[in-house]
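Counted the way the numbering used here counts, the sequence shown spans residues 35 to 461.
For each residue, glycine too, the CB sits at the ideal point set by N, CA and C.
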Amino acid sequence: MLANLAKKTLAQNEVPPQLIYGIRAASGKVLLLSLELTTGQIQDLSGDNPEISLEPNERLSGFTSLQDGTFILATAPTVASIVGSASPSRLLSFSSPQALPALQGLERNSTVESLLGTNDGKLLSIISLNQGTPPFRLAFIDQYTGQVSFIDELSLPPNQRFSNLSQYPDGLIYATNLAREGSIKLVKLDWQQGNLISLVQLSYDNKPWSNDLASLGCSLSNQLYGLGDLTYQGTNSLFGVDASTGVLSLVKPFEVDKITFNHQLTQPTQTIFTTQVPSFPDATDGVPYELGMKFQSAKDGQITAIRYWKAPSETGTHVGKIWSLTDGATWATVTFCNETASGWQQQTLNTPLNIQAHTTYVVTVNINSYYVATQNELTSQVIKGDLSTVADGNNGVYGSPGTFPTNSYLNCNYFCDLAFTAATVSV
Numbered sequence: 035m036l037a038n039l040a041k042k043t044l045a046q047n048e049v050p051p052q053l054i055y056g057i058r059a060a061s062g063k064v065l066l067l068s069l070e071l072t073t074g075q076i077q078d079l080s081g082d083n084p085e086i087s088l089e090p091n092e093r094l095s096g097f098t099s100l101q102d103g104t105f106i107l108a109t110a111p112t113v114a115s116i117v118g119s120a121s122p123s124r125l126l127s128f129s130s131p132q133a134l135p136a137l138q139g140l141e142r143n144s145t146v147e148s149l150l151g152t153n154d155g156k157l158l159s160i161i162s163l164n165q166g167t168p169p170f171r172l173a174f175i176d177q178y179t180g181q182v183s184f185i186d187e188l189s190l191p192p193n194q195r196f197s198n199l200s201q202y203p204d205g206l207i208y209a210t211n212l213a214r215e216g217s218i219k220l221v222k223l224d225w226q227q228g229n230l231i232s233l234v235q236l237s238y239d240n241k242p243w244s245n246d247l248a249s250l251g252c253s254l255s256n257q258l259y260g261l262g263d264l265t266y267q268g269t270n271s272l273f274g275v276d277a278s279t280g281v282l283s284l285v286k287p288f289e290v291d292k293i294t295f296n297h298q299l300t301q302p303t304q305t306i307f308t309t310q311v312p313s314f315p316d317a318t319d320g321v322p323y324e325l326g327m328k329f330q331s332a333k334d335g336q337i338t339a340i341r342y343w344k345a346p347s348e349t350g351t352h353v354g355k356i357w358s359l360t361d362g363a364t365w366a367t368v369t370f371c372n373e374t375a376s377g378w379q380q381q382t383l384n385t386p387l388n389i390q391a392h393t394t395y396v397v398t399v400n401i402n403s404y405y406v407a408t409q410n411e412l413t414s415q416v417i418k419g420d421l422s423t424v425a426d427g428n429n430g431v432y433g434s435p436g437t438f439p440t441n442s443y444l445n446c447n448y449f450c451d452l453a454f455t456a457a458t459v460s461v
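Right, here's the structure in full:
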């Protein structure tokens with residue numbers, strides 16, 4: 035029965051993700067859990083991470099992962115504690131026992147109700163303006179300053195509940211919508227065009243699904259998965275979600291109560307450079323270059339975006355490329371749009387690029403006059419998660435714009451990077 039149901043919703047030749055992550059509140063502590071799909075085994079990972087505690091009358095309200103693999107959770111005061119109190123929502127990280135910066139720009143009684151680390155490195159949220167109930171608004175949260183910036187281009191209907199943000203690798207953002215009549219619908223949020231598109235009503239076993247999902251996530255092959263309580267008895271089950279029909283197909287039940295799942299059910303996106311800062315932030319030789327580096331991955335997976343650090347004086351058009359080291363062939367090309375004045379820029383590929391483990395590739399971006407650099411930073415390997423630079427004595431490469439770069443100088447890090455998602459997940 036499970037195999038037949040899976041065939042209706044899973045993409046051809048797709049294997050469901052082997053591991054998903056979740057959090058659970060237990061005796062005032064927040065537990066980080068992994069759930070193995072093939073066996074149903076649940077493992078507590080809290081011992082490997084800083085302890086996170088909930089304050090009295092505080093609840094978990096969101097959970098996601100960032101591009102560097104960091105897990106972030108949101109809390110909100112319970113309704114009882116909001117009354118007569120200005121206790122705000124909080125953001126916390128499992129990589130640090132400290133709370134992230136206090137949220138700025140939230141009015142009294144406003145709470146964070148869903149989080150999503152997007153493909154382009156932003157932190158998207160659904161904000162309740164009324165103690166966890168409608169009306170709701172979309173907002174971006176700056177994880178470094180805590181500033182909440184509401185998205186005015188897209189208004190959510192004031193009498194409906196929205197939750198469970200999720201994003202396809204190609205950038206489409208989905209959520210669930212609970213209307214007053216009790217029906218649960220899958221919706222698409224096109225905030226850039228100001229469009230809220232109602233897709234289909236969710237159903238299971240030929241009956242409308244009336245209990246909101248606990249989570250919504252997407253696999254690398256654009257297959258939606260949902261987690262929900264099928265029996266209304268605290269048993270979370272994993273479902274394949276057919277985005278065209280709304281049909282839920284049971285994949286796996288989990289005998290565990292009150293788990294909030296990461297809305298990115300696939301492996302978190304990884305980058306090589308995270309905290310590094312260029313020693314030469316605005317260098318120039320007066321000529322244009324193609325700048326980049328050689329890199330490898332320890333696992334098969336997909337490159338979803340190209341990144342580079344823009345110098346403050348740099349202007350003009352920039353194109354990112356992924357090259358084959360063996361023959362210099364171009365495997366992916368993307369033009370950067372909506373760049374900021376300086377700092378990290380990231381552009382999602384139109385189609386994710388599949389790469390093989392332990393194979394050397396080259397990522398580059400052209401610069402027109404100004405660039406950033408740190409000399410000798412690529413002399414030794416830089417390793418972050420499954421990604422690593424290549425320490426061959428000639429990394430940090432440059433050449434003429436638009437051509438495969440073969441020159442190297444002092445193993446310079448020119449701060450060209452990529453966003454990568456592994457094909458499989460393991461503890």
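Cα-Cα separation between L157 and E373, rounded to whole angstroms = 18 Å
Reducing DSSP to helix, strand and coil, say where K156 ends up.
-> coil
Do you know offhand how far N400's Cα is from N447's?
-> 14 Å
What did DSSP end up calling A60 once you bin it into helix, strand or coil?
-> strand
Apart from the five residues just before and just after Q415, which ones in its own chain have a Cβ nearer than 8 Å to its Cβ?
-> S422, T423, V424 and A425
S123 to W378, Cα distance in whole Å?
-> 28 Å
Can you tell me whether DSSP reads R93 as helix, strand or coil?
-> strand
Where do the N-terminal and C-terminal ends of the beta strand (DSSP E) with K333 fall, by residue?
-> Element bounds for K333: n/a, residue is neither H nor E.
What's the gap between the Cα of N153 and the Cα of L264?
-> 30 Å
Distance, Cα to Cα, T398 vs Q310?
-> 18 Å
Taking all protein chains shown into account, decide if H352 is buried (16 or more other Cβ within 10 angstroms of its Cβ) or exposed.
-> buried
Look up D420 in the DSSP assignment and say whether it is helix, strand or coil.
-> coil
Beta-ladder partner(s) of W343, from DSSP | W378
For G260, which residues from the same chain have a beta carbon less than 6 Å from its beta carbon, with the 5 sequence-adjacent residues on both sides left out?
-> L247, L250, F273 and V275
In three-state DSSP terms, what is S283?
-> strand
Would you give the residue range spanned by the beta strand (DSSP E) that Y448 belongs to?
-> First-last for Y448: undefined, no H or E at that position.
Count the other CB atoms within 10 Å of the CB of E85; is the residue buried (16 or more) or exposed (fewer)?
-> exposed
Are the Cβ atoms of L137 and G180 separated by less than 8 Å?
-> yes
In this structure, what does DSSP give as the bridge partners for V182?
-> I175
Output the distance between the C-alpha atoms of S232 and S278, rounded to the nearest integer angstrom.
-> 11 Å
Determine the burial state of T109: buried for a count of at least 16 other Cβ atoms within 10 Å of its Cβ, exposed for fewer.
-> buried
How many Å lie between Y405 and P315 at the Cα?
-> 7 Å
According to DSSP, is D239 helix, strand or coil?
-> coil
Between the CA atoms of S403 and D319 - distance to the nearest angstrom = 7 Å
Contact set for F449: own chain, Cβ-Cβ below 7 Å, skip 5 residues either direction | F307, P312, Y342, W343 and V406
Buried or exposed: G96, going by 16 or more other Cβ atoms within 10 Å of its Cβ?
-> buried
Of all the options T167, P169, P168 and E147, which has the alpha carbon lying nearest to the alpha carbon of I160?
-> E147
List the endpoints of the continuous beta strand (DSSP E) containing Q415.
-> From DSSP, Q415 is part of no beta strand (DSSP E); its letter is neither H nor E.
CA nearest to the CA of G430, picked from G350, K328, C371 and Q390 = K328
Spell out the partners DSSP gives T506 in its beta bridges.
-> There is simply no residue 506 to check, as the chain begins at 35 and stops at 461 in what is shown.
Residue range of the unbroken beta strand (DSSP E) whose run includes S127 = R124 to S127
If we call anything under 8 Å between Cβ atoms a contact, is F170 one with R142?
-> no
Taking all protein chains shown into account, do 16 or more other C-beta atoms lie within 10 angstroms of the C-beta of D451, making it buried, or fewer, making it exposed?
-> buried
In chain order, what residues of the same chain lie with their CB nearer than 7 Å to the CB of A114, ignoring the 5 residues before and after it?
-> Reliability of the predicted coordinates at A114 is poor, the pLDDT of 48 falling under 50, and no value is obtained from them.
Does the beta-carbon distance from Q380 to C371 come in below 8 Å?
-> no
Simplified DSSP state of V311, which is helix, strand or coil = coil
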